[in-house]
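Quick notes on the structure that follows.
Residue numbers (UniProt numbering): 1 to 282.
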């Protein structure tokens with residue numbers, strides 16, 4: 001049984017000019033200890049799909065699916081209270097912008113300890129000890145002193161490490177990483193990716209990596225789902241995807257990589273005739 005399984009996911013938003021369909025007909029699954037990459041350009045519905053799983057979309061969104069199960073439990077029929085017990089404990093998410101995701105009014109220590117208080121019921125001493133341990137795991141120097149630091153006093157890379165510490169605090173079964181290296185320099189990107197892969201292996205988590213970077217896909221994923229304009233274009237193991245992509249859109253993404261350039265300029269997605277599924281915008 002997959003750890004997470006979604007069938008025929010649809011997400012639509014009510015707008016002033018009518019309904020906007022952001023995600024249509026998405027099927028995906030991830031197993032324990034598996035790394036699934038969801039790849040596509042901005043606006044392809046990658047983040048929206050996972051925010052639907054987390055229950056973090058606004059009230060203007062309508063989420064439907066034939067099924068959406070986590071560890072055998074139906075997420076669609078859960079009450080808000082039942083889902084809150086899972087989100088942050090069994091399913092955790094690392095968001096795109098760590099500095100924006102951390103609360104600037106509270107210290108790093110408070111924000112890590114709050115997760116442990118809500119989901120693990122630890123007392124103050126236990127929470128402090130666990131917070132120090134987590135900061136050590138994610139490579140923050142002088143973790144005991146860092147507990148009293150505010151997010152604005154840390155670099156982007158350090159804030160991302162704090163977000164990872166919060167996400168793994170309760171040893172989740174599934175970790176969703178939404179563009180975890182966005183806005184970080186190349187050296188820090190590599191460190192963050194290495195950290196995520198090490199933690200995933202050590203804790204045996206399922207990991208969903210949302211990205212537009214095919215290099216990240218090649219380096220981290222076991223299996224890949226390619227999305228375009230809210231639709232799934234292709235799904236394959238990572239080696240098959242790179243060696244023999246089936247979708248024209250996937251071929252466009254791979255051809256736009258600098259290493260694959262054959263002319264004076266890089267090709268763009270618009271250079272390809274895309275094979276959008278029926279009902280998807282061209």
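Here a beta-carbon is modelled for each residue, glycine too, at the ideal position from N, C-alpha and C.
Which residue or residues does DSSP assign as beta-bridge partners of residue 178? Its beta-bridge partners are 210.
Between residue 208 and residue 4, what straight-line distance do the alpha-carbon atoms span, to the nearest angstrom? Pairing residue 208 with residue 4, the inter-Cα distance amounts to about 10 Å.
Going by the beta-carbon positions, is the gap between residue 224 and residue 236 smaller than 8 Å? yes
Does the contact criterion of 3 or more C-beta pairs under 8 Å hold for the stretch 17 to 29 versus the stretch 184 to 199? no
Going by C-alpha distance, which of 81, 25, 86, 40 is nearest residue 66? Checking every option, the nearest Cα to that of residue 66 belongs to 25.
With residue 1 and residue 72 assumed to form a contact (beta carbons below 8 Å), what rounded beta-carbon distance in angstroms separates them? 6 Å
Using a threshold of 8 Å, state whether the C-beta atoms of residue 178 and residue 93 are closer than that. yes
What does a CB cutoff of less than 8 Å around residue 140 pick up in its chain, not counting 5 residues either side in sequence? Cβ within range, chain order: 146, 158, 161, 162, 165.
Compute the distance between the beta-carbons of residue 144 and residue 132, then report whether it is under 8 Å. yes
Pick helix, strand or coil for residue 8, following the three-state DSSP scheme. strand
Cβ distance (whole Å) where residue 99 is taken to contact residue 151 below 8 Å: 6 Å
Which of helix, strand or coil DSSP assigns to residue 282: With a pLDDT of 38 at residue 282, under the threshold of 50, the modelled position of this residue cannot be trusted, and the question is left open.
Where does residue 35 fall in DSSP's three states? strand
Write down every uninterrupted run of the alpha helix (DSSP H) in the stretch 37 to 73 whose length is 4 residues or greater and which is fully enclosed by it, in chain order. 46 to 54
Alpha-carbon spacing of residue 33 relative to residue 206, whole angstroms: 5 Å
Under 7 Å Cβ to Cβ from residue 42, same chain only, skipping five residues before and after it: list those, please. 212
Tell me whether residue 76 is buried or exposed, calling it buried when 16 or more other Cβ atoms sit within 10 Å of its Cβ. A residue is called buried once 16 or more other Cβ atoms fall within 10 Å of its Cβ, and residue 76, having fewer, is exposed.
May I ask which residues mark the beginning and end of the beta strand (DSSP E) holding residue 18? Counting along the chain, the beta strand (DSSP E) containing residue 18 begins and ends at 18 to 30.
Since residue 45 and residue 23 are thought to touch, with beta carbons under 8 Å apart, how far apart are those beta carbons, to the nearest angstrom? At roughly 4 Å, the Cβ-Cβ gap stays under 8 Å, so residue 45 and residue 23 are in contact.
Got a sec? Which residues, its chain only, sit under 6 Å from residue 186 by beta carbon, not counting five neighbours each side? none
Closest by CA to residue 248, which one among 35, 226, 91? 226
For residue 14, name the three-state secondary structure that DSSP assigns. strand
When you compare each of 58, 18, 231, 87 to residue 175 by their alpha carbons, which one comes out closest? 87
How is residue 142 classed by DSSP in three states: helix, strand or coil? coil
Using DSSP bridges, identify the partner residues of residue 235. 225
Are there 16 or more other CB atoms within 10 angstroms of the CB of residue 250, so buried, or fewer, so exposed? buried
Less than 8 Å between the C-beta atoms of residue 221 and residue 53, yes or no? No, they are not a contact pair.
Report the option in 21, 200, 20 whose CA atom is closest to the CA atom of residue 172. 200
Can you tell me whether DSSP reads residue 114 as helix, strand or coil? helix
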